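Asker:
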Amino acid sequence: MTLLPAPENFGIQFSRTDLPGSSLIEAIADNVSNTARSTTLTSPDGTASIMTIEHLLSACTGLGIDNLLVETDNIEVPILDGSAKPYIDAICPDGLQSQNAERKYIEISEPLEFIDEQKGSYIKITPAPVQSFHCTIDFNSKVVGVQDAGWKEGEDYATAIGPCRTFVFFHEIEYLFANGLVKGGDVDNAIVIVEHPVQKEQLERMSQLFDVPCLEVKEGYLNNLSLRFPNECARHKLLDIMGDLRLAGGFLKAHIEGYKSGHRINTIVASQIRNQIKSKK
């Protein structure tokens, strides 16, 4: 994957260099085609798709990047360590170029709310002078507990939110591998939460899947993993919301409140914002 400077008012767009003649894929909610475990975009003409875009888009929002061309030779943006930190580490040393055009802010005219009654989740968006986020997670897990995290424009994203890694529950892993949903997964790019006692045979099977010699469970996490923050899981969900809501097409002048949110509900709300904007034109 290569990140390239882009002209004013370009927005964020993806180019599949392995698919000659395919269309650019604009990072907007209109192009969302799948939200199973990550967010996938597909060009309107169907010639190209790109998946797992949320961490990179989150970094763009947190670092204040308006215009960017992303070239990749594969369908998946690299997961790397499961956070936005590798992108931040690559972008920050070179700095950002100031451009002449004004930043594209999105101002919503009235509050928006989407509730998923089946999952008990919601996202609420209210107009505000600056962009801010707050999210709460609750997986009914004794290991994770109930966690929350927040961030607003102007605060430190690079060290407070960007380094927070994705997470998965141990009992989900075999299903995910069988369905090709975590092809780039290993013990180095995800927090693996072990909620229930596991058998030696299960750990051996996971060792084979991850291609590591030995796996252990310590304090509810696989391989005695050290958390970067006590609420790293909530911070990562916040990271995801920031990435998915960038699909509204710019920087929001709003406060975003998420409860038990995920890629599906995030992208639905991004689409609602775009529809509200279109209805006002």
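Sequence positions in the sequence shown follow my numbering and run 1498 to 1778. Cβ atoms here follow ideal geometry from the backbone N, Cα and C, with glycine treated the same way. This one's a predicted model, so the numbers in the text were calculated from it and none came from an experiment.
#1: Pull up the DSSP beta-bridge partners for residue 1511, would you.
#2: Measuring alpha carbon to alpha carbon, tell me which of 1537, 1541 and 1700 ends up nearest residue 1552.
#3: Assign residue 1694 to one of two classes, buried (16 or more other C-beta atoms within 10 Å of its C-beta) or exposed (fewer than that).
#4: Kindly indicate which three-state DSSP category residue 1586 falls into: helix, strand or coil?
#5: If we require 4 or more residues per run, which alpha helix (DSSP H) segments fall completely within the stretch 1651-1732?
#6: Can you tell me whether DSSP reads residue 1577 as helix, strand or coil?
#7: For residue 1589, does the count of other Cβ atoms within 10 angstroms reach 16, so buried, or fall short, so exposed?
#8: Could you give the residue range of the beta strand (DSSP E) that holds residue 1603?
#9: Could you say if the stretch 1734-1752 and the stretch 1718-1725 meet the contact criterion of at least three C-beta pairs nearer than 8 angstroms?
#10: Would you report the Cα separation of residue 1747 and residue 1506, rounded to the nearest angstrom?
#11: Taking DSSP as the reference, what is the three-state secondary structure of residue 1764?
#12: Locate the alpha helix (DSSP H) running through residue 1533, then write down its first and last residues.
#13: Using only the alpha-carbon positions, how far apart do residue 1759 and residue 1523 sit?
#14: If distances are taken between C-alpha atoms only, which option among 1534, 1533, 1550 and 1528 comes closest to residue 1541?
#15: Give the straight-line distance between the Cα atoms of residue 1714 and residue 1502, rounded to the nearest whole angstrom.
#16: Per the DSSP calculation, residue 1499 is bridged to which residue(s)?
#17: For the 8 angstroms Cβ check, are there 3 or more pairs between the stretch 1593-1609 and the stretch 1560-1572?
#18: Ends of the beta strand (DSSP E) at residue 1537?
#19: Give the single residue among 1753, 1514 and 1660 whose Cα lies nearest to the Cα of residue 1573.
#20: Does the beta carbon of residue 1501 come closer than 9 angstroms to any beta carbon on chain C?
#21: Have a look at residue 1619 and residue 1754 and give me their C-alpha separation to the nearest angstrom.
#22: Under a three-way DSSP split, which group does residue 1505 fall into?
#23: Assign residue 1654 to one of two classes, buried (16 or more other C-beta atoms within 10 Å of its C-beta) or exposed (fewer than that).
#24: Out of 1600, 1571, 1604 and 1555, state which residue places its alpha-carbon closest to the alpha-carbon of residue 1582.
#25: Give me the Cα-Cα distance between residue 1607 and residue 1622, rounded to the nearest whole angstrom.
Answerer: A quick look at the data gives this:
#1: 1522 and 1567
#2: Taking only the C-alpha atoms, the option nearest residue 1552 is 1537.
#3: exposed
#4: Three-state result, residue 1586: helix.
#5: List check, alpha helix (DSSP H) in window: 1667-1675 and 1697-1707.
#6: coil
#7: exposed
#8: Per DSSP, residue 1603 is one residue of the beta strand (DSSP E) stretching across 1602-1604.
#9: no
#10: 10 angstroms
#11: helix
#12: Residue 1533 -> no alpha helix (DSSP H), and no H or E assigned at all.
#13: 21 angstroms
#14: 1528
#15: 44 angstroms
#16: Paired residue(s): 1568.
#17: yes
#18: 1537-1539
#19: 1514
#20: Looking for chain C here will not work: only one protein chain is present.
#21: The straight-line gap separating the alpha-carbon atoms of residue 1619 and residue 1754 is approximately 8 angstroms.
#22: coil
#23: buried
#24: 1555
#25: Distance between the alpha carbons of residue 1607 and residue 1622: 9 angstroms.
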